[in-house]
Amino acid sequence: MERIEGKYFVITLDQDCTYYEATMFKDNLTLAGGQVVNENKSEKSFDVRLPPGGLEDLDESFVRHIHNIEPKKGSRDILSHER
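Position in the sequence shown (first residue = 1) + 230 = this note's numbering.
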């Protein structure tokens, strides 16, 4: 399995997810060592860097709200500039 540590992803939450649940998802991601880089509140989507353990480090009650997760386009360029 490919390691996803430190890579950027776009995570979209279910549309029926409440504002509170979305906020708790962001908090849980940050507490696990991830980073929210950008947020689109109307689409409930976030550009994130996943924590070292990936989604496994997140509480299941928040992971179940994920509708879609995909690599962020151009993430290799973002990562190469950080080094």
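A virtual CB, placed ideally from N, CA and C, is assigned to each residue, including glycine.
Can you say whether Lys274 is buried or exposed, counting buried as having 16 or more other CB atoms within 10 angstroms of its CB?
Lys274 should be labelled buried.
Where do the ends of the beta strand (DSSP E) carrying Asp277 lie?
From DSSP, the beta strand (DSSP E) with Asp277 extends over Ser275 to Arg279.
Would you call Val240 buried or exposed, if buried means 16 or more other Cβ atoms sit within 10 Å of its Cβ?
The residue in question, Val240, is buried, as its Cβ has 16 or more Cβ neighbours within 10 Å.
Would you decide whether Tyr250 is buried or exposed? Buried here means 16 or more other CB atoms lie within 10 Å of its CB.
Classification for Tyr250: exposed.
Taking its Cβ as the centre, do 16 or more other Cβ atoms sit within 10 Å of Arg279, making it buried, or is it exposed?
It counts as buried.
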